[in-house]
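Residue numbers (this note's numbering): 2 to 109.
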């Protein structure tokens, strides 16, 4: 019989994560990679890097930009689009400042 199902058996269904949860997960992955690299550098040289808050701020600004854009797409509210654009600009500015400070700290 093809319909041999046990009456009390319920198979769990797969529900994919929402795009906002995925954006936050990617932000967490970027933070973990940065923290591992900073810790490795600190352990290898014996001193931490200085002047790199831009490196630590750009994932948060990027995550805020992604979430704001996703909220704008869902709700079509103009303030969310404005916040997404401003957060993306802040992300780029922090990334440029952080990379230049990192190159300066590394002697490049």
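Glycine included, each C-beta is placed from N, C-alpha and C at the ideal position.
In this structure residue 107 is exposed. Its beta-carbon is surrounded by fewer than 16 other beta-carbon atoms within 10 angstroms.
Remark: C-beta atoms of residue 95 and residue 58 approach each other more closely than 8 Å.
Close CB contacts of residue 99 within its chain, under the 8 Å cut and outside five residues either way in sequence, are with 53, 54, 55, 56, 57, 58 and 59 (chain order).
Per the coordinates, the alpha-carbon of residue 25 lies some 26 Å from the alpha-carbon of residue 42. Bounds of any alpha helix (DSSP H) do not take in residue 77, whose DSSP letter is neither H nor E. Collapsing the DSSP output to three states places residue 17 in coil.
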